[in-house]
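Inspection log for the structure reproduced underneath, given as structure tokens.
In my numbering, the protein residues as written are 31 to 402.
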């Protein structure tokens, strides 16, 4: 797979545009498009808009048209195969063909079964030259959740935590504000924003009363909130209800119409997914979220839910902010129980390590987890 350092500057620019789309385009994939002439001069650029609005290719064509720049015979660099189906918008491959584009350089084939090579086939049948593969690794990472939903039938689950050097997420009395720096907290909000849904548990709601929204400048959409509340104990005055214009899904193990109504009266949806132990069936929940077009799940929860997800092997990625401080006794990152041997614990590999403010941001994945 191609690294971002080895690709054409036009594809790199398209990848940068795709990254800008992540905050607004869910559940669609984040795609960028750059159109250049035979000499490499920029004609048009664009990225995916909100669901139901224009895709990257159409935005780039509009940009060229707005500037009076002809695109016939030009090359379009796009980070994902142009779509070939009529969804919320028309087929992008047809828009490129109608505009007279001469060549398409695409990073990846679309994993969506409704596309899956058909866009490339339509382009080639119309005489458009197609090259695939440049920037594939970077493009896939930008849309790891979309690929997960399309290929595995489940979202990509990212578990976020802020911890001390000795792995504590709070003091024994629950104090946790703030272990990490303002820069790390702002970065965490950006990861919330790129997700389709934020997942938490009732314990976190009862103890911390968080809003769990993305508090950044110029936010135009909030990720859904998914709350695991097995016994429907969510308070009517909880701060999570204060966030406007977001969907709230409460997952429970209780089959009780009256108790469901108390939650739905707040505008939330309630689904009962009990397992044999009277808890929420976590694998079934992930399948349900995929059905609801959730690509990435951003988990911000307490040790109990974190531990349950880890023990079940449902965590695809750890997003850990580590502060250079020791806290001693306190709350652990996850309650995974007592291990009989060192090799019994959930095992991860480092994916990325970066400094954010005074802290480290660590991304780790189970071995081979992204191989789908």
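Using N, Cα and C, we set each Cβ at its ideal position, and we do this for glycine too.
*Give the DSSP-derived three-state secondary structure of residue 85 in the structure shown.*
Of the three classes helix, strand and coil, the one that applies to residue 85 here is coil, per DSSP.
*Have a look at 200, 207, 188, 116 and flag the residue whose alpha-carbon is nearest the alpha-carbon of residue 230.*
188
_Whole runs of the alpha helix (DSSP H) within the stretch 312-358, excluding any shorter than 4 residues_ = 312-321, 333-341
*Same chain only: Cβ atoms within 6 Å of residue 130, ignoring 5 sequence neighbours per side*: 102
*Which residue or residues does DSSP assign as beta-bridge partners of residue 227?*
Note: residue 227 sits in a beta bridge opposite 254, 327.
*Below 8 Å, can you find three or more Cβ-Cβ pairs linking the stretch 189-200 to the stretch 156-163?*
no
*Quick one: what's got a C-beta closer than 6 Å to residue 152's C-beta in the same chain, skipping five residues either side?*
Once the five neighbours on either side are set aside, the close Cβ partners of residue 152 are 114, 123.
_Contact set for residue 149: own chain, Cβ-Cβ below 8 Å, skip 5 residues either direction_ = Cβ neighbours of residue 149 beyond the five flanking positions: 111, 112, 113, 114, 121, 122, 123, 140.
_Whole angstroms are fine: how far does the CA of residue 182 sit from the CA of residue 100?_
41 Å
*Limits of the unbroken alpha helix (DSSP H) element including residue 126*: 122-129
*Residue burial classification, residue 190 (beta-carbon count within 10 angstroms, cutoff 16)*: Sixteen is the threshold: when 16 or more other Cβ atoms of the shown chains lie within 10 Å of the Cβ of residue 190, as they do, the residue is buried.
_Range covered by the beta strand (DSSP E) that runs through residue 301_ = 299-302
*So the beta strand (DSSP E) residue 282 belongs to, where does it begin and stop?*
DSSP places residue 282 inside the beta strand (DSSP E), whose first and last residues are 278-282.
*If you draw a straight line from the C-alpha of residue 395 to the C-alpha of residue 96, how long is it?*
44 Å
*Taking Cβ positions, are residue 162 and residue 136 nearer each other than 8 Å?*
A Cβ-Cβ contact shorter than 8 Å links residue 162 with residue 136.
_Coarse secondary structure for residue 296, derived from DSSP in three states_ = coil
*Go through its chain and collect everything with a Cβ distance to residue 235's Cβ below 7 Å, but skip five positions before and after it.*
Short of 7 Å from the beta carbon of residue 235, and not among the five residues preceding or following it, lie these beta carbons of its own chain, in chain order: 257, 264, 268, 270.
*In the structure shown, what three-state DSSP assignment does residue 159 receive?*
strand
*Would you mind reading off the limits of the beta strand (DSSP E) that contains residue 116?*
Neither: residue 116 is in no beta strand (DSSP E) and is coded neither H nor E.
*Measure the alpha-carbon distance for residue 168 versus residue 45 and round it to whole angstroms.*
7 Å
*Expressed to the nearest angstrom, what Euclidean distance is found between the alpha-carbon atoms of residue 32 and residue 132?*
Below a pLDDT of 50, predicted positions are generally treated as unreliable, and residue 32, at 40, falls in that range; the measurement from the model is reported next regardless. Straight across, the Cα-Cα distance linking residue 32 with residue 132 is about 24 Å.
_Selected residue, minimal CA-CA separation from residue 303, among 283, 195, 344_ = Here the closest residue by C-alpha is 283.
_Candidates 179, 315, 296, 340, of which the one nearest residue 305 by Cα_ = 315
*asked:* Which residue wins for smallest C-alpha separation from residue 225, given the options 399, 323, 75?
replied: 323
*Within 8 Å, strictly: CB atoms of residue 251 and residue 80*: yes
*For residue 383, is the classification buried or exposed, using 16 other Cβ atoms within 10 angstroms of its Cβ as the cut-off for buried?*
exposed
*Take the Cβ of residue 196 as the centre, count every other Cβ of all protein chains shown within 10 Å, and call the residue buried at 16 or more, exposed below.*
exposed
*Should residue 177 go down as buried or exposed, given a rule of 16 or more other Cβ atoms within 10 Å for buried?*
buried
*Is it a yes or a no for the stretch 379-393 touching the stretch 348-358, going by three-plus beta-carbon pairs under 8 Å?*
As far as the Cβ criterion goes, the stretch 379-393 touches the stretch 348-358, which means the pair count is three or higher.
*Which first and last residues belong to the alpha helix (DSSP H) in which residue 168 is found?*
166-172
*Hey, could you find the ends of the alpha helix (DSSP H) residue 420 is sitting in?*
Outside the shown range of the chain (31 to 402) lies residue 420, about which nothing can therefore be said.
*To which residues does DSSP link residue 384 through a beta bridge?*
391
*Along the chain, where does the beta strand (DSSP E) that runs through residue 106 open and close?*
105-108
_Taking 7 Å as the limit between beta carbons, can you name the residues of its chain near residue 356, skipping five residues before and five after?_
Sequence-distant Cβ neighbours of residue 356 in its own chain, meaning closer than 7 Å and more than five residues away, are 194, 195, 196.
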